[in-house]
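Visitor:
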Amino acid sequence: MSSKPTKHLFAVYAPDYMGPGILERRLSVRERHLKGIGRMLDNRIMKFGGALLAPEPTDESGRKKMTGSLMLYEAESIEEVRKAVKSDIYYESGVWDKEKLVILPFVPAMNWPST
């Protein structure tokens, strides 16, 4: 009789690098990023995620000023989450600041609202 592996929640804060051209780099690989996220949602390792915006959420052309990402994963280990994050095109292409990336165990204080 085998038991089901224990899974844990992990919060991931992935700020973008700062500087010229980062938003353009993010936007140039965004479709590939979203396809990869779709696979992670299908595999049920990622629970949700989204872009973080600057306090002034749009630039002069009306584009969203994305400054990073916030995600919630469910996995057996932090190493599994780290591997998933490192396989993301935002990580691979230098959108996310690898030195400032944070992955921490997460324990919710309340039930997640249903949508």
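Here the sequence shown stands for residues -14 to 100, numbered as in the numbering used here.
Cβ coordinates follow ideal geometry from the N, Cα and C atoms, glycine included.
1. Give the C-beta separation of K50 and P42 to the nearest angstrom, bearing in mind that I take them to be a contact with Cβ-Cβ under 8 Å.
2. Rounding to the nearest angstrom, what Cα-Cα distance links T25 and V(-3) in this structure?
3. Between which two residues does the beta strand (DSSP E) holding E77 run?
4. Which residues share a DSSP beta bridge with V(-3)?
5. Please confirm whether D73 and Y2 have their CB atoms less than 8 Å apart.
Guide: Reading it off the structure:
1. As a first step, residue 50 must be located in the sequence shown, where it is residue number 65. As a first step, residue 42 must be located in the sequence shown, where it is residue number 57. About 6 Å; that satisfies the 8 Å criterion.
2. Residue numbering aside, residue 25 sits at position 40 when the sequence shown is read from its first letter. Residue numbering aside, residue -3 sits at position 12 when the sequence shown is read from its first letter. This sequence places Met at residue 25; Thr is not what is there. Each residue's alpha carbon lies about 14 Å from the other.
3. Sequence index remark: in the sequence shown, residue 77 carries index 92 (1-based). No beta strand (DSSP E) holds E77; the alpha helix (DSSP H) holding it covers 74 to 77.
4. Taking the first residue of the sequence shown as position 1, residue -3 is located at position 12. The partner list for V(-3) (beta bridge, DSSP) reads M56, I88.
5. Residue mapping note: residue 73 aligns to position 88 of the sequence shown, counting from 1. Residue mapping note: residue 2 aligns to position 17 of the sequence shown, counting from 1. No.
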